[in-house]
Amino acid sequence: MQGTDHTMESQTLEIADLTCRFGAHRALDAVSLSVGAGEFVSILGPSGCGKSTLLRSIAGLEAVEGGTIRIGGQSVDGLRPRDRGVAFVFQSYALYPHMSCAENIAAPLRMSELGPLGRLPLLWRLSGRMRRTRESIADRVGATARQLQIEPLLGRRPAALSGGQRQRVALGRALIREPALFLLDEPLANLDAALRNRTRTDLRALQRRIGATTLFVTHDQTEAMAISDRIAVMFDGRIHQVGTPDEIYRDPETLAIARFFSQPHLNVVPAATLRRHIGGATAAGDIRIGGAALEGMAGVVAFRPEDASIRTARRPGLPGLPCTVDHAEHAGHDANLFVRLADGETAVVRIRSHEIADWPQGAEGVLHFDLDAARRFDAPQGEAETPSRAREVA
Amino acid sequence: MARALGWTLLCLAAAVTLLPFVYMLAVSFAAQGTIYSGALLPAPSLAAARENYAFALTEVPLARFMLNGALVCGVLLVLQVTIAAPAGYALAKLPFRGRPVLFGAVIVALMIPMQVPAIPLYVAIAWMGLLDTYTALIAPFVISALAIFLFRQFFVNYPSEVIDAARLDGFSELGIVWRLMVPAAWPAVAAFATISIINHWNDLYWPLVVVTRTEMMTPPMGLAAFRSSGESAGNVGALMAGGVMITAPLVLAFLFFQRALVRGFGMGARA
Amino acid sequence: MTGSTADLRARRRAGLLLAAPAALLLALLLFLPSSGVLVLSLTDYRFGMPGASWIGLENYARMLADDRIRQSLGNTALYAAIVAPVSILLALWLAVLIEATGRLGGFFRTVFFLPVTATLVAMATAWEVVLHPSFGMVNVALAASGLEKERFLSDPSLALYTLAFIGVWKMVGYNVLLFVAGLSTIPKDLYEAAAIDGADRGWSRFAMVTWPMLAPVTLFVTVITLIRTVSEFETIAVLTNGGPNGATEMVLYTLYQEAFRYFDIGLASALAVCFLGIVAGASILNIVLFDRRSRHG
Ligand SMILES: Nc1ncnc2c1ncn2[C@@H]1O[C@H](COP(=O)(O)OP(=O)(O)OP(=O)(O)O)[C@@H](O)[C@H]1O
Ligand SMILES: [Mg+2]
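Chains as they are written, first to last, in our numbering: chain A, 1 to 394; chain B, 1001 to 1271; chain C, 2001 to 2297.
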């Protein structure tokens, strides 16, 4: 064991119709999800959508109202949290404040492998078996610490560690159990941006090495896309879409998902407005959006700022919307140009930042967008009649 | 002008506060004769001091009283914490039926002075033939509503995620109490220990009720008995020596652990 | 039935199990005997006598008719009426002074807190020696300045006031501590704001900032002090035995005498019920007033 990584037998996870209620509020509403052995799946969703509740239900920490959970094909309904073979890294890390890092990491082993007698101070020296168990635990703590490069910290209390170090100790406490399933609840949320990027890479590398099935909760879509095999997008206690990062980015099933993956801006224009202003046909014929004809189309059309461009004059064969420049926001290499469409709605166009000077306020132009990259969605309830506008997704 | 007045008042108040301490110490160091000499403070003498303290320790079983006091306080404190800590944890973190009722009961219990249940408790203890025993001195106080309340208030703010982590790591609920909560709650433990020890070391009422035999007396009761026994009539020095000895442990402990004690009383007061 | 609910059930059971010893003992050692007092107060039970019979409210009638008990209640009220205001106002003044002294404040706090930890029985004996009619320090000083010596503890017109003085001595330190804690929570910028408005020191500053900010602490201190003063027992039991001639009888001492000297359990129980009424009433008043304050303030 020493010097080598933990490798664990990875297990599948199947969740069916999981429902969990807090009073009248449904935190989980018939959630179903299958995760393959060794797979890394992110649960992505806005704050309060039930991500933590889902993880806690899998671990057995939350009382569920209905549904089943199977780990490695075995139902874990009726099993206590400690017996489910899952490891949990909490958003706050939940380290034991009065124990050293070594004791924190050793805690799960001490509880499962030492009897109540063995945990008493001094008494364990009397028995050879207890002494060997203790030695073996100490060895495994050392190996885990080496793997996570936290050996120098082992003697310290959590209060004396930085956020990143705490995060790794929490990871160590989860790793050492060699669990069938890893549950990580926003383990990177408390780290600064630079450390976050580095840690997420490390985390994914570690997961590949040990091959453990992992559920990873986050509300950051770039993070989810960067490290996941698949992403499950959650809103309001329901899983809306499951797919690879690419599938979800290219083909979001609902407007809400599209917005979530087009932060900070997504242009949403009612199909009717589009018809009124977009002008003539394309060079190839009728205007088609997402494979369907614009003629007779209902709902809204959404496209990303990076799929849009702006020109000074309309070109025949290239349909576009007349617009007036409002203002530009510098964003480093690129810039976001806010324009007003003919009906007074705003839209956002991605331009190169050196072009800002070409588009002073009040300048007239024509907005084009990549018709193949645009998607049609049903109009969100209550928004059908309101004018389209670029929305900020918080 | 106002400042000077303030200082004068402060110093005067401090002097009056210290007066009985100084006088008690001075008389305990003085020979019989010099006390009546008409001087403000009698002159100290080492020989007289030795005689006074020896009298208090041998003729009066003061050492026995102090041992009784220490035993009662120690056993009480251990039992009070052992019983109250799990209850405080349950009230703070576990959703059991009857939790609001129990918490309400604890609040009501905080308002009941010990002299109210004392009469039936005395009748029961006498009926069981337990008068003049340590059991009689200890049993009525093993349950402390204040301890439950303090622990509960302290545990409520303990992060629930750490408790969840412990459950995943295989801690039992009792293990969570003793391995996680109590070690983290040592300020509450210290606060409660302060209050409990001060109360029970100094209590006179209950020992007067259940104790009559000299060898079962606690320090204040023993001193009160010594004072009124007539033996002390001619021996004020020994009486004061006794007073010094039973007061010293808590006063010295207070001087050593001042910060914890002051905070403890602050916490207890808020309860 | 799913797994998590099973675990929740286990947690509920654990809660019940962990709370059970405390709940049981609370019922057995506190609530049962406290209600027992209520029952006993309606009987003519005397300890050592066989049997007892219901006599309704007769004990309460006896209590109110008994001159000794009436005097005892009166003494308690007078004692509380002296000790509570004096110890509270004095403590408030001392606390404000201590706050202003800076580094020496710690020293004074320590001095004033000493009586709280000290064994009252021992300190009462010490006071007795200090106040001794012939050789006590105070009388020596009185004689030296040409005044009459006083029998502080055996003169019926003085004894209660002497006990009240010792009571103040004991209570002030505790109250100072609470006030100092309260003062330390007043934000410094409030004082600065008041200084800009012209209340920069002395009385105006106290009236504008300190007193209003300290009101909740004062309420709490008042209730605690009242409870502790009506519960005075030690000094009476050690120094005066309620004498001379009942001049220092107070409710707890009378209760103790009736119950454990005369074994008149019925009468003593009625007294205990009254005592509980006074103490619990003060506590409830505290909660109600505090609640109202925090809702409106
Ligand atoms: N113990 C609880 N009691 C009542 N409601 C709760 C409880 N825990 C969570 N909720 C509610 O359930 C919903 C989902 O909560 P959950 O913690 O799972 O959100 P989340 O997706 O993890 O959010 P975040 O990203 O902010 O952590 C929220 O509306 C929350 O208010
Ligand atoms: Mg969460």
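Ideal Cβ placement from N, Cα and C applies to all residues, glycine included.
- Cβ neighbours of V1162 (chain B) within its own chain (closer than 8 angstroms, five residues either side excluded): L1180.
- Exclusion of the five residues before and after H98 (chain A) leaves R157 as the residues of its chain whose Cβ lies within less than 8 angstroms of its Cβ.
- Chain A places no beta carbon closer than 8 angstroms to that of L2142 (chain C), leaving this residue out of the contacts.
- D307 (chain A) has its Cβ no nearer than 7 angstroms to any heavy atom of ligand 2.
- Rounded to the nearest angstrom, the Cβ distance from V2172 (chain C) to I2227 (chain C) is 16 angstroms, too far for a contact under 8 angstroms.
- Between L294 (chain A) and L321 (chain A), the C-beta spacing is not below 8 angstroms.
- When Cβ-Cβ separations below 8 angstroms define contact, L61 (chain A) makes contact with chain B.
- Apart from sequence neighbours up to five positions away, the residues of its chain that approach A331 (chain A) with a beta-carbon distance below 8 angstroms are S353, ordered along the chain.
- The C-beta of L2016 (chain C) comes no closer than 8 angstroms to any C-beta of chain A.
- It is roughly 53 angstroms from the alpha-carbon of V349 (chain A) to the alpha-carbon of D2007 (chain C).
- In this structure I2287 (chain C) is exposed. Its beta-carbon is surrounded by fewer than 16 other beta-carbon atoms within 10 angstroms.
- Look at V2121 (chain C): its C-beta is under 8 angstroms from a C-beta on chain B.
- Looking at the DSSP output, L28 (chain A) shares a beta bridge with A:C20.
- According to the DSSP secondary-structure assignment, D185 (chain A) is paired through a beta bridge with A:V217.
- For T201 (chain A) and I227 (chain A), the gap between their C-alpha atoms comes out near 7 angstroms.
- A contact is defined here as three or more CB-CB pairs under 8 angstroms, and the region 9-23 of chain A fails this definition with respect to the region 139-155 of chain A.
- For the 8 angstroms CB-CB criterion, A2270 (chain C) and M2063 (chain C) form a contact.
- In the DSSP annotation of this structure, the continuous segment of the beta strand (DSSP E) that includes T324 (chain A) starts and ends at L321 to A331.
- At a cut-off of 8 angstroms between beta-carbon atoms, R1227 (chain B) makes contact with chain C.
- Contact between R314 (chain A) and G279 (chain A) holds: CB atoms are separated by about 7 angstroms, below the 8 angstroms threshold.
- Annotation note: the region 102-159 of chain A contains the following uninterrupted alpha helix (DSSP H) runs of length 4 or greater, listed N- to C-terminal: 116-119 and 128-148.
- Runs of the beta strand (DSSP E) spanning 3 or more residues and lying entirely within the region 38-69 of chain A occur at 40-44, in chain order.
- Nearest to P264 (chain A) by C-alpha distance, out of A:G115, A:T324 and A:F338, is A:F338.
- Judged by the Cβ position, K1093 (chain B) fails to qualify as a neighbour of ligand 2 at the 7 angstroms threshold, every heavy atom of the ligand being at least this far.
- For H98 (chain A), the closest Cβ of chain B is nearer than 8 angstroms.
- The DSSP-derived three-state label of E253 (chain A) is coil.
- Across the structure, A2194 (chain C) and K2188 (chain C) are spaced so that their CA atoms are roughly 10 angstroms apart.
- Segment contact: the region 179-189 of chain A against the region 83-91 of chain A, three or more CB-CB distances shorter than 8 angstroms; contact assigned.
- Those residues whose C-beta sits under 7 angstroms from the nearest heavy atom of ligand 2 are, from N- to C-terminal order along the chain, A:K51, A:S52, A:Q91, A:D185, A:E186 and A:V217.
- Residues of chain B with a Cβ closer than 7 angstroms to the Cβ of E2234 (chain C) are, in chain order, L1204.
- The bridge partners DSSP lists for L1041 (chain B) come to none.
- A2019 (chain C) is a Cβ neighbour of L1102 (chain B), given a cutoff of 8 angstroms.
- P380 (chain A) and A232 (chain A) have their C-alpha atoms spaced approximately 21 angstroms apart.
- In terms of Cβ geometry, L2028 (chain C) and A1105 (chain B) do not form a close pair [threshold 8 angstroms].
- Using a CB distance below 7 angstroms, the part of the region 2259-2292 of chain C facing chain B consists of A2259, F2260, I2265, A2268, S2269, A2272, F2275, L2276, V2279, A2280 and S2283, ordered along the chain.
- D220 (chain A) and S52 (chain A) have their C-alpha atoms roughly 14 angstroms apart.
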